[in-house]
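Have a look at the structure below before the remarks.
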Amino acid sequence: MATDKQVSLFDPSIMRRAVGDSFGKLHPRLLAKNPVMFVVGVGSVLTTALLIRDLVARSPEHAPLWFTSAVTVWLWFTVLFANFAEAVAEGRGKAQAASLRKMRQESTARRLIGGREESVPASQLRKGDEVVVEAGQLIPGDGEVIEGIASVDESAITGESAPVIRESGGDRSSVTGGTKVLSDRIVVRIGADPGQSFLDRMIALVEGASRQKTPNEIALHILLVGLTLVFLFACVTLVPLALYSEIKLSATVIVALLVCLIPTTIGGLLSAIGIAGMDRLLRKNVIAMSGRAVEAAGDVDVLLLDKTGTITLGNRMATELIPVEGVTLEELADSAQLASLADETPEGRSIVVLVKERHKLRGRNLHDLGAQFIPFSAHTRMSGCDLGARQIRKGAVEAVIAHVERHGGQVPVQIRRDADTIAAAGATPLAVSDGARILGIIELKDVVKSGIQERFARFRAMGIRTVMITGDNPRTAQAIAKEAGVDDFLAEATPEAKMRLIKDEQQKGKLVAMTGDGTNDAPALAQADVGVAMNSGTQAAKEAGNMVDLDSNPTKLLEVVEVGKQLLMTRGSLTTFSIANDVAKYFAILPAMFMGAFPDIAPLNVMHLASPFSAILSAVIFNALIIILLIPLALRGVKYRPLGAAHLLRRSLLVYGVGGVVAPFVGIKLIDLCLVAVGAV
6 MATDKQVSLF DPSIMRRAVG DSFGKLHPRL LAKNPVMFVV GVGSVLTTAL LIRDLVARSP
66 EHAPLWFTSA VTVWLWFTVL FANFAEAVAE GRGKAQAASL RKMRQESTAR RLIGGREESV
126 PASQLRKGDE VVVEAGQLIP GDGEVIEGIA SVDESAITGE SAPVIRESGG DRSSVTGGTK
186 VLSDRIVVRI GADPGQSFLD RMIALVEGAS RQKTPNEIAL HILLVGLTLV FLFACVTLVP
246 LALYSEIKLS ATVIVALLVC LIPTTIGGLL SAIGIAGMDR LLRKNVIAMS GRAVEAAGDV
306 DVLLLDKTGT ITLGNRMATE LIPVEGVTLE ELADSAQLAS LADETPEGRS IVVLVKERHK
366 LRGRNLHDLG AQFIPFSAHT RMSGCDLGAR QIRKGAVEAV IAHVERHGGQ VPVQIRRDAD
426 TIAAAGATPL AVSDGARILG IIELKDVVKS GIQERFARFR AMGIRTVMIT GDNPRTAQAI
486 AKEAGVDDFL AEATPEAKMR LIKDEQQKGK LVAMTGDGTN DAPALAQADV GVAMNSGTQA
546 AKEAGNMVDL DSNPTKLLEV VEVGKQLLMT RGSLTTFSIA NDVAKYFAIL PAMFMGAFPD
606 IAPLNVMHLA SPFSAILSAV IFNALIIILL IPLALRGVKY RPLGAAHLLR RSLLVYGVGG
666 VVAPFVGIKL IDLCLVAVGA V
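In this text, residue positions in the sequence shown follow this note's numbering: the first is 6, and each later residue adds one.
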């Protein structure tokens, strides 16, 4: 999207707004959505109340005033920075939403009623209304072109300056409200009521208003709540232990200890990780309808990819001329060019390009030659030209053979043999004839995109199975699948066959992703766990999928999976760090607290902290600072690498598990030394 390139993640305006939002998120209703930070917030309120009590009525049994003050400040600091992390992640979406809102202009629509036009405000249009849009006018709402063809500027949505063609029928009929018609005239049937347009959904999505927790995120929340309850119980049981051992444990100490031990690190960054994952997808010009879709992309087991435009370049191209015995290559090239000069299909143009590049035949004007172009028809399955008495034709092999036989010509045995060889290799043979003579064959081939084999190899390394979907016959599909390096293929694919394949995989416990742009793809897009619809496709496809690719690039599915993997890796890595971090803090603090009452545990006090109060305050400060230090990692994500699950687990444990254990010992000791150096303890 054009707006995305202009919004920096750490833009000063985003940072300023995030500071204000950090305080707004202190509302109990909002804070309660994050159970860990809710506990920290309650603890902050409690220590604030204790601080006020100590200021009003000081007692020798209370914790030192400096200690209560410092703990209170750092607890509030922890809550605010956790809110800040989430607010920064949301800030980018809000900035993009503001840019999108500028696109919504109150315009006048030309609604058709009984064949007559009437001018009405665009906001009054309802689903099913038909409107006329001409060159220079904005399309008033989402819908389908039901009449005409036009060039449309969609740069406001996609960020691409090149206009696109939208026409009635087929898979290029969908139009988006707010885009501009550049040429001609079209009639659009509105497909959404006010407030339910694609642009409205985009605004809501980028603001994060529609974001819902994913199943894995809910499971993680349950884990965090469980750990919080465990440490709450552990801290409460310290009270009778302290009374028995005559150790003074004030309420401030208990609260501070609890906050240090519960998983505040991941609790403070969890929301930011999820929102940042959706933001990374948005930066790739893909709108996710929910956080569930992004996360599901990271767990995908099977990828269904359409052959045309995804694996191949999109149109079959002429790659070889094969003359029959007795015909020169130059003669075949000359006739193939004459039969294709007026052919505006991609295949026809590729033949002209081939003979020009390989055989140096420059283009000729059929009108100057006095030739009459014969267009292709489904009935004859041929096209060509009549040049005087010459009838030059190209087309399906059997159709050209029948044409030659009707003119009394002989059909060489070689022609069928060559055609079978080409078809067996996954290409398409076209025969060329001049009157009653067959001259040879043109080989049309699907050109596999450069580098696609390497991308499929990367997914295979991650354990993801790739399946090519095509309408070709099984023999052709098999040849292309082998060349592209996909794991499997579905030939002669119908909507029912796609649905059946997806359901079969899901019944095996697999998560399936696919792309589509046509109405016939809608059932499969709705059934797939990750359905990426093309923005250039039909309204039915966009409504059925849970993602929309604004660039209409089918290969984007590969990038969507990578973003989902990165989101899961980031959350898993930071969770590993947080839990290891909490365990390390437990063994770093408790020996310093109880060493005076239990001298036998002195060997466990490896950090030699200055005092019990210093140990707790250092841990509280470290607890807040580590969230700040991890915000950039949470927002940018752990670097994605296509590795197996076992390798990723070992790497996460080695880097983030060991790091989570080491960091508190180093950090708390350094903070303790600083507190001693400044005379705070």
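Note that CB positions come from ideal geometry on N, CA and C, so glycine has one too.
Sequence-distant residues of its chain with Cβ nearer than 6 Å to residue i (five each side left out)
i	result
ASP423	ILE327, ILE446
ASP304	LEU516
ALA214	Reliability of the predicted coordinates at ALA214 is poor, the pLDDT of 42 falling under 50, and no value is obtained from them.
Under the three-state DSSP convention, the category residue i falls into
i	result
LYS312	helix
GLN396	strand
GLY146	coil
LYS450	strand
PHE386	Before going further, note that residue 386 is Arg rather than Phe in the sequence given. ARG386: coil per DSSP, three-state reduction.
GLY536	strand
ALA430	coil
LEU69	Checking the sequence, you will find Pro at residue 69 rather than Leu. In the structure shown, PRO69 sits in coil (DSSP, three-state: anything other than H, G, I, E or B).
ASP522	coil
VAL625	helix
PRO417	coil
ALA424	helix
PRO328	strand
MET6	Interpretation of MET6 is limited by its pLDDT of 44, a score under 50 that renders its predicted location unreliable; the figure taken from the coordinates is listed afterwards. Here MET6 sits in coil by DSSP.
ILE191	strand
THR475	coil
ILE507	helix
SER27	helix
ARG177	coil
LEU117	strand
MET283	helix
PRO268	coil
LEU130	coil
GLU352	helix
MET612	coil
LEU274	helix
ASP492	coil
VAL137	strand
ALA341	helix
THR53	helix
ALA197	coil
ALA37	coil
Residues bridged to residue i (per DSSP)
i	result
ARG3	As shown, the chain starts at 6 and ends at 686. That puts residue 3 outside it, with no answer to give.
VAL307	ARG470, VAL517
SER156	ILE170
GLN377	ASP391
MET552	ALA293, VAL537
LYS185	LEU143, ASP158
VAL125	ALA114
Beta-carbon proximity check, residue i vs residue j, cutoff 9 Å
i	j	result
ARG369	GLN342	yes
ALA261	LEU530	no
VAL358	LEU444	no
VAL307	THR560	no
ALA376	ASP391	yes
GLY546	ALA518	The sequence shown places Ala at residue 546, not Gly. Going by C-beta atoms, ALA546 is not nearer than 9 Å to ALA518.
GLY684	ALA301	no
LEU274	ALA87	yes
LEU237	VAL45	no
THR83	ALA629	yes
LYS692	LEU614	Within the shown structure, residues of the chain are numbered from 6 to 686, placing residue 692 beyond reach of any answer.
Residue i CB to nearest heavy atom of the ligand MG below 8 Å
i	result
ALA239	For the structure depicted, the ligand MG is absent and the ligand set is empty, with no information on it obtainable.
Same chain only: Cβ atoms within 7 Å of residue i, ignoring 5 sequence neighbours per side
i	result
GLN511	VAL517
SER124	THR113, ARG115
GLU567	TYR645
Cβ-based neighbour list, residue i, same chain, cut-off 8 Å, excluding 5 preceding and 5 following
i	result
GLU190	The amino acid at residue 190 is misidentified as Glu; the sequence shows Arg. Cβ neighbours of ARG190 beyond the five flanking positions: VAL137, VAL138, GLU139, ALA140, GLY153, ALA155.
ILE584	LEU232, PRO268, ILE271, GLY665
Cβ contact (3+ pairs, closer than 8 Å) linking the segment 491-507 and the segment 305-317 | Contact holds: three or more Cβ-Cβ distances are below 8 Å.
Does the pairing of the segment 407-425 with the segment 315-324 give three or more beta-carbon distances under 8 Å?
-> Segments in contact, no.
Inter-stretch contact at 8 Å, needing at least 3 Cβ pairs: the segment 172-190 / the segment 149-156 = In short, these stretches touch, since the Cβ pair count reaches three.
Between the segment 669-686 and the segment 615-623, do three or more beta carbon pairs fall short of 8 Å?
-> Cβ pair count under 8 Å is three or more, so yes.
Kindly confirm or deny that the segment 638-645 and the segment 572-584 touch, where touching means at least three C-beta pairs closer than 8 Å.
-> Yes, the segment 638-645 is in contact with the segment 572-584.
With contact counted as at least three CB pairs below 8 Å, one residue from each stretch, are the segment 283-293 and the segment 449-460 in contact?
-> Using a C-beta cut-off of 8 Å, the segment 283-293 makes no contact with the segment 449-460, since fewer than three inter-stretch Cβ pairs fall below that distance.
Hey, is the segment 452-466 in contact with the segment 435-442, meaning 3+ C-beta pairs nearer than 8 Å?
-> The segment 452-466 makes no contact with the segment 435-442; the number of CB pairs closer than 8 Å stays below 3.
Segment contact, 8 Å Cβ cut-off, at least three pairs: the segment 473-492 with the segment 427-434 = Below 8 Å, enough C-beta pairs join the segment 473-492 and the segment 427-434 to call them touching: three or more.
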